[in-house]
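In my numbering, the protein residues as written are -10 to 1040.
No residue lacks a Cβ here, since even glycine has one placed at the ideal position from N, Cα and C.
Note that the structure is a prediction, hence the values are computed from the model and not measured.
Note sheet for the following structure.
Structural data, given as structure tokens:
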């Protein structure tokens, strides 16, 4: 049944609008324009915080391109209600199609009102709820003929007449019904309704675009909905509509259908197809028409442009494609399969699926250049494994011997004459070929063969000669599940019957969602009404299905815990919010945990549950994150550009298995950016795999990281318990890439083992970033907050964020491991750095050296000052004196001088900038080479430890030694701070008296002597020649070191 898509806009409210009527108020109304349709709300009289709660529908065609369409919302002041100036605009909002969600995901969003031009004065927000729905269009009813006059009194209903075809219409395609009647729009009745309920409103000027429906220019206009767009017929709404009457398929001896056999049927082995050579002329590589890989979000609003790859970052790899569709005129009791042979490379299809007088395969095979570069003939033959019972279907594989197979016919092609197809050329249509050499069987085989590249739309699903042939070896694109923070506020409980009445009882509530379990603190109550008012945050992944968040009310008595009641809330019934507004709480009845008392009343629990869509649900560490957008799509901003990644291949990989006496590997690459994951095909038995695959992502923030990992595939059928082996991981920061520049580099694949760092090989990547917005918009992103607004209005603690990140990573791994082919759990967790916060002495040492290197500029500055004071360079010391006089005498030059000096240093360092993206990780910064095996073994140890007790004892003693050093440093820092406090706290009366007396004398001198003179004298005294200085510490330093601290009171 055909469907029609509607965009639903709920205008809820507005806040803090600008007064326009001259008396401190406004009378606002809202005008909406979308897809050539205009709607408006009623006028709310004299209210700066109006509430409308009106719902509007906009018709949308299924085939409409909404990439350039936007929903424009204008808020006006009604001139008829109160006087106003020439401009009565209160604000406007423009939303693109990527911010629309389907029904069930909507939430109330407050959009800030924008200016019409730079000099406009606008303030306030408007609250909208926007979503789209797909409604079924009922089939049109057959018209009833008018009965004759004498039959009007009969009780028998008239028989409907058959529908006649429209003679004026052109011939319809074969896939469409022979006759169709345009259905009546469902909103026609609404437009015919009398508009008495709506009061007259002021005139709304129609849009200037031609072709859009206009409202009558009356004053005031009538509040009626515009006429809807004409709907498509059911056959037009469904792209692959089946005809109501299908032609019978041809059997043995019947001529082939005219749409497939016109000048294409070939007879005899001597009749060969004339085609261009395999290594044909080099053609310009063009943009493919159809999507080579699955869309990033197939359920999004239509019209959103999907990123496509032009495959200009990688090398073109030519393949010989053979698509076997179906056969006819074969023995009906046969179970045929097809063998394809090219230069000694033999593959076979699965057993055909029987239909009415035909056998179907619909399989595509891609033979690489190595398999057929020197081949001259392509042989396609059909075989029947009978006599015997029909064998079970088998995947494409090398044909085995020893089976009784009947030859049903074959076809030969000259490889040098097979045509070259390069997208955006249309796909090559399959043709019927007569099978020769089958004896009495004269069947036909429908197939298509061409030479293409990895950009061909058939490449991703085709069987390839450089892969293992299994489903898990194909290249695929995955999407991470949409993650939400589920905030559960446990308020109180009532009517709880404690196990020990009339005594104080400890209660707690446990919330569970799948594997996530969180508990509240313990509340003490005597009357059975404990109170908590505590927030618990869980992570939920769409689709929710029948998942429920379950609450357990527990009675705690010492170490024993008893469940008193259980209650659950389906996730599909929980409200979503995008801000910090308070949602409505609910009371849920607690059921008995035992089956015998299932229907008994065990009290009730008061909770407040909602999905927080204003947060970014992190599944990666903050320093290598690839996405910072909030969970609610309504808050997403348009992308600023795209990043394209070309995964060329690997070189010199270390062997991980042995085949035929030589070491090989089954390598594949995984790339992750944002919610989109890509997996290259698995190249089997090669230490130098070449993928040459290219992918594209939208970039919303330049300060994000693209992660690429290489893994070795393990055959799950042989050993399901084995995990895919890690080969290496590379990270590329988007902000280090220049616009429209291709970075093609080879990166080392480094892997840290318990025995040390090991180079597993090299990977060749090509990266390009292209912005789609003006450069000023990209620079403006650097001034915006990194995280969504809710992270600052209602922040989440650091430890809690890290715990939630671990839950989110497990949910993503669980979701992607259920895909087909699966992206294995260990691969996802390694890409997300799920174990990056485990304790490591190596990381402690690396972070300490990072702090030392960061403070290097201060050390260099102190060294330069010391050299200047020591007059090691007389010229530099004299220049320092001159600068001191200038800056002290003209202090207004101090800040500009520092800024200019910083500019000079940055400009000088521009010459030495790195031209290529910096590789990740870095062995030197990570201190991986300096780490010994004992430290690495401790880093890779699990929690709790699985090592012997003696080893754990040694590690504990080493950790105590490190802790003692940290303890000493912390004590020294505290001592210096306490000495500063002791200057005025009279803990040492003599020291405090000396200090305040000196402060009084200094203040008196500064009141009398100009401050510039004091600064110059102090500076000259500090820079005096070493011959006038004593090598012993100064009086001020000696005085400070003698001040008391609280270290002597530490036990």
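Bounds of the alpha helix (DSSP H) holding residue 845 are 845 to 858. Annotation: residue 394 is outside any alpha helix (DSSP H) and is labelled neither H nor E by DSSP. Collapsing the DSSP output to three states places residue 796 in a helix.
Here residue 801 is buried: its Cβ has 16 or more other Cβ atoms, across all protein chains shown, within 10 Å. The residues 1029, 1032 and 1034, in chain order, have a CB closer than 7 Å to that of residue 968 in the same chain once the five nearest residues on each side in sequence are set aside. Between residue 444 and residue 300, the CB-CB gap stays under 8 Å. Rounded to the nearest whole angstrom, the CA to CA distance from residue 630 to residue 665 is 15 Å. If one requires a minimum length of 4 residues, no alpha helix (DSSP H) run lies completely within the segment 480 to 540. Taking all protein chains shown into account, residue 447 has 16 or more neighbouring C-beta atoms within 10 Å of its C-beta and is therefore buried. Following the DSSP letters along the chain, one finds residue 961 in no beta strand (DSSP E) but inside the alpha helix (DSSP H) bounded by residues 938 to 970. Taking C-beta atoms under 8 Å as the contact rule, residue 527 and residue 507 qualify, at a distance of about 7 Å. Within the segment 876 to 940, the complete alpha helix (DSSP H) segments of 4 residues or longer fall at 883 to 899, 912 to 915 and 922 to 928, listed in chain order.
In this structure the segment 801 to 813 lies against the segment 459 to 473, because at least three pairs of beta carbons, one per stretch, are closer than 8 Å. Sequence-distant Cβ neighbours of residue 23 in its own chain, meaning closer than 6 Å and more than five residues away, are 47 and 60.
The continuous beta strand (DSSP E) containing residue 721 extends over residues 714 to 722. Short of 6 Å from the beta carbon of residue 1008, and not among the five residues preceding or following it, lie these beta carbons of its own chain, in chain order: 873. Within the same chain, 88 and 98 come within 6 Å of residue 623 by CB-CB distance, once the 5 residues on both sides are set aside. In summary, residue 657 is buried, with 16 or more beta-carbon neighbours lying within 10 Å of its beta-carbon over all protein chains present. Of all C-beta pairs linking the segment 807 to 815 to the segment 591 to 599, fewer than three are shorter than 8 Å, placing the two stretches out of contact.
Counting only the Cα atoms, residue 840 lies some 29 Å from residue 885. Residue 670 sits in coil when the DSSP states are folded into three classes, being neither helix nor strand. Counting the other Cβ atoms within 10 Å of the Cβ of residue 904 gives fewer than 16, which makes it exposed. By the C-beta criterion, the segment 693 to 701 is judged to be in contact with the segment 612 to 619, since at least 3 inter-stretch pairs fall below 8 Å. Taking C-beta atoms as the reference points, residue 647 and residue 456 fail to come closer than 8 Å. For residue 1024, the enclosing alpha helix (DSSP H) stretches over residues 1024 to 1030.
With fewer than 16 other CB atoms across the displayed protein chains lying within 10 angstroms of its CB, residue 769 is exposed. Taking a contact as a CB-CB distance under 8 Å, the pair residue 9 and residue 79 counts as one, their CB atoms being some 7 Å apart.
Beta bridge pairing from DSSP links residue 580 with 555. Each residue's CA atom was taken as its position, placing residue 828 and residue 928 some 6 Å apart. Comparing alpha carbon positions, the residue from 513, 741, 650 and 632 closest to residue 754 is 632.
In the structure shown, the three-state DSSP call for residue 2 is strand.
Contact between the segment 979 to 987 and the segment 841 to 860 is absent, with fewer than three C-beta pairs closer than 8 Å. Restricting attention to beta strand (DSSP E) runs no shorter than 3 residues, the segment 431 to 471 encloses them at 433 to 441 and 465 to 468, ordered along the chain. Closest in alpha carbon position to residue 493, among 883, 531 and 547, is 547.
In this structure, the CA atom of residue 369 is about 27 Å from the CA atom of residue 680. In the three-state scheme derived from DSSP, where H, G and I count as helix and E and B as strand, residue 106 is classed as coil.
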